[in-house]
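**Q**
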Amino acid sequence: DQQVKQNSPSLSVQEGRISILNCDYTNSMFDYFLWYKKYPAEGPTFLISISSIKDKNEDGRFTVFLNKSAKHLSLHIVPSQPGDSAVYFCAAEANAGNMLTFGGGTRLMVKP
Amino acid sequence: KAGVTQTPRYLIKTRGQQVTLSCSPISGHRSVSWYQQTPGQGLQFLFEYFSETQRNKGNFPGRFSGRQFSNSRSEMNVSTLELGDSALYLCASSPGTGRNTQYFGPGTRLTVL
Numbered sequence: 137d138q139q140v141k142q143n144s145p146s147l148s149v150q151e152g153r154i155s156i157l158n159c160d161y162t163n164s165m166f167d168y169f170l171w172y173k174k175y176p177a178e179g180p181t182f183l184i185s186i187s188s189i190k191d192k193n194e195d196g197r198f199t200v201f202l203n204k205s206a207k208h209l210s211l212h213i214v215p216s217q218p219g220d221s222a223v224y225f226c227a228a229e230a231n232a233g234n235m236l237t238f239g240g241g242t243r244l245m246v247k248p
Numbered sequence: 007k008a009g010v011t012q013t014p015r016y017l018i019k020t021r022g023q024q025v026t027l028s029c030s031p032i033s034g035h036r037s038v039s040w041y042q043q044t045p046g047q048g049l050q051f052l053f054e055y056f057s058e059t060q061r062n063k064g065n066f067p068g069r070f071s072g073r074q075f076s077n078s079r080s081e082m083n084v085s086t087l088e089l090g091d092s093a094l095y096l097c098a099s100s101p102g103t104g105r106n107t108q109y110f111g112p113g114t115r116l117t118v119l
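Protein sequences appear in the order of chains A and B. When we follow the working numbering, the leftmost residue of the first sequence carries the number 137, and every step to the right adds one. When we follow the working numbering, the leftmost residue of the second sequence carries the number 7, and every step to the right adds one.
1. If you compare alpha carbons, which of A:Ile-154, A:Ile-184 and A:Asn-143 is closest to Lys-247 of chain A?
2. Applying the criterion that 16 or more other CB atoms from any shown protein chain within 10 Å of the CB defines a buried residue, is Ala-93 of chain B buried or exposed?
3. Hey, Ser-28 of chain B and Gln-12 of chain B: beta-carbon distance below 8 Å or not?
4. Hey, is the stretch 220 to 228 of chain A in contact with the stretch 169 to 182 of chain A, meaning 3+ C-beta pairs nearer than 8 Å?
5. The beta strand (DSSP E) with Phe-56 of chain B in it runs from where to where?
6. So for Gly-34 of chain B, helix, strand or coil by DSSP?
7. Give the range of the beta strand (DSSP E) segment to which Lys-243 of chain A is assigned.
8. Taking the C-alpha atoms as reference points, what is the distance between Gly-48 of chain B and Val-118 of chain B?
9. Quick check: the stretch 15 to 28 of chain B against the stretch 204 to 218 of chain A, are there 3 or more CB pairs under 8 Å?
10. Would you say the stretch 26 to 40 of chain B touches the stretch 52 to 68 of chain B, given that touching needs at least three Cβ pairs under 8 Å?
11. Using only alpha-carbon positions, find the residue among B:Asn-65, B:Trp-40, B:Val-25 and B:Thr-114 that is nearest to Asn-234 of chain A.
12. For Ile-151 of chain A, decide whether its Cβ has a neighbour in chain B, counting only Cβ atoms nearer than 8 Å.
13. Check Leu-94 of chain B in the structure and name its three-state DSSP category.
14. Can you give the Cα-Cα distance for Gln-108 of chain B and Met-245 of chain A, rounded to whole angstroms?
15. What residues from chain B crowd round Met-235 of chain A, counting only those whose CB sits closer than 8 Å?
16. Can you tell me the Cβ-Cβ gap for Ser-216 of chain A and Cys-159 of chain A, rounded? I've got them flagged as a contact below 8 Å.
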């Protein structure tokens with residue numbers, strides 16, 4: 137039973153355009169959501185997070201949107217750069233439990 | 007501030023052997039969590055240690071165990087290795103109290119032959 141799903145295994149975007157990565161979850165107890173970026177053979181790098189009391193959080197080129205009623209979150213990257221090419225994971229946590237549940241990842245390719 | 011470090015970075019073992027992986031958290035962080043990444047199952051939570059006590063546990067067999075020392079460094083042990091244990095093992099650290107972000111180390115790539 138996958139509690140966190142990223143339905144698009146890959147996404148290709150032109151440099152300078154917007155990248156939108158999506159994530160759905162089923163567990164209503166999740167109250168904290170994070171996005172990580174990962175290169176092969178490296179650990180995930182934290183990008184941005186959002187608490188369930190908010191519906192939007194921005195950090196530079198990265199914005200995360202949370203729609204609790206739809207149990208859906210998305211990561212927007214504007215403008216996209218070739219260096220953004222990596223696998224992006226969304227993760228969720230319940231009750232400050234320090235136990236992350238990850239989605240399967242989306243491979244983003246930004247073409248120059 | 008130095009990041010999370012993991013040793014060794016690469017390991018090759020044979021079936022039936024045991025292995026110990028080490029993780030040093032970011033200075034001041036008291037929580038260390040371990041995750042397994044495989045192509046088939048993705049990133050899965052193994053367990054979390056806080057102040058030398060296991061605080062959370064994922065759905066893995068008892069062959070997977072860990073411990074944490076008084077300086078917050080943590081070790082993970084896998085006994086009686088199976089081929090399916092081949093994976094990237096990641097540890098993450100966080101302050102451990104309240105709501106906080108986990109920061110990951112580079113991982114240990116374990117290959118079981």
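The beta-carbon is built from N, C-alpha and C at its ideal position, and this holds for glycine as well. If you're wondering where the values come from, they're calculated on a predicted model, not measured in any experiment.
**A** Walking through what the data contain:
1. In the first sequence, counting from the first residue as 1, residue 247 of chain A sits at position 111. When each option's Cα is compared against that of Lys-247 of chain A, the closest is A:Ile-154.
2. Within the second sequence, residue 93 of chain B is the residue found at index 87, counting from 1. Here Ala-93 of chain B is buried, its C-beta having at least 16 other C-beta atoms within 10 Å.
3. As a first step, residue 28 of chain B is located in the second sequence; it is residue number 22 there, counting from the start. As a first step, residue 12 of chain B is located in the second sequence; it is residue number 6 there, counting from the start. Taking C-beta atoms as the reference points, Ser-28 of chain B and Gln-12 of chain B count as a pair closer than 8 Å.
4. By the Cβ test, the stretch 220 to 228 of chain A is in contact with the stretch 169 to 182 of chain A, since at least three Cβ pairs between them sit closer than 8 Å.
5. Here the question's residue 56 of chain B lines up with position 50 in the second sequence. Per DSSP, Phe-56 of chain B belongs to the beta strand (DSSP E) from 48 to 56.
6. On the second sequence, position 28 is the one that residue 34 of chain B refers to. It is coil, neither helix nor strand.
7. Here residue 243 of chain A corresponds to residue number 107 of the first sequence, with the count starting at 1. The question names Lys, but residue 243 of chain A is Arg in the sequence shown. Residues 242 to 247.
8. Taking the first residue of the second sequence as 1, we reach residue 48 of chain B at position 42. Taking the first residue of the second sequence as 1, we reach residue 118 of chain B at position 112. A straight line joining the alpha-carbon of Gly-48 of chain B with that of Val-118 of chain B spans about 18 Å.
9. Result no; under three Cβ-Cβ pairs closer than 8 Å.
10. Between the stretch 26 to 40 of chain B and the stretch 52 to 68 of chain B, the count of Cβ pairs shorter than 8 Å is three or higher; the stretches touch.
11. Here residue 234 of chain A refers to the residue found at position 98 of the first sequence. If we check each option's Cα against that of Asn-234 of chain A, B:Trp-40 comes out closest.
12. Here residue 151 of chain A refers to the residue found at position 15 of the first sequence. Per the sequence shown, residue 151 of chain A should be read as Glu rather than Ile. False, the Cβ-Cβ gap to chain B never drops below 8 Å.
13. The residue labelled residue 94 of chain B in the question sits at position 88 within the second sequence. In this structure, Leu-94 of chain B counts as strand in the three-state DSSP scheme.
14. If you number the second sequence from 1, residue 108 of chain B lands on position 102. If you number the first sequence from 1, residue 245 of chain A lands on position 109. Distance between the alpha carbons of Gln-108 of chain B and Met-245 of chain A: 25 Å.
15. The residue labelled residue 235 of chain A in the question sits at position 99 within the first sequence. Result: Ser-39, Phe-51, Glu-54, Asn-62 and Gly-64.
16. Mapped onto the first sequence, residue 216 of chain A falls at position 80. Mapped onto the first sequence, residue 159 of chain A falls at position 23. Contact flag wrong, Cβ pair sits at about 18 Å.
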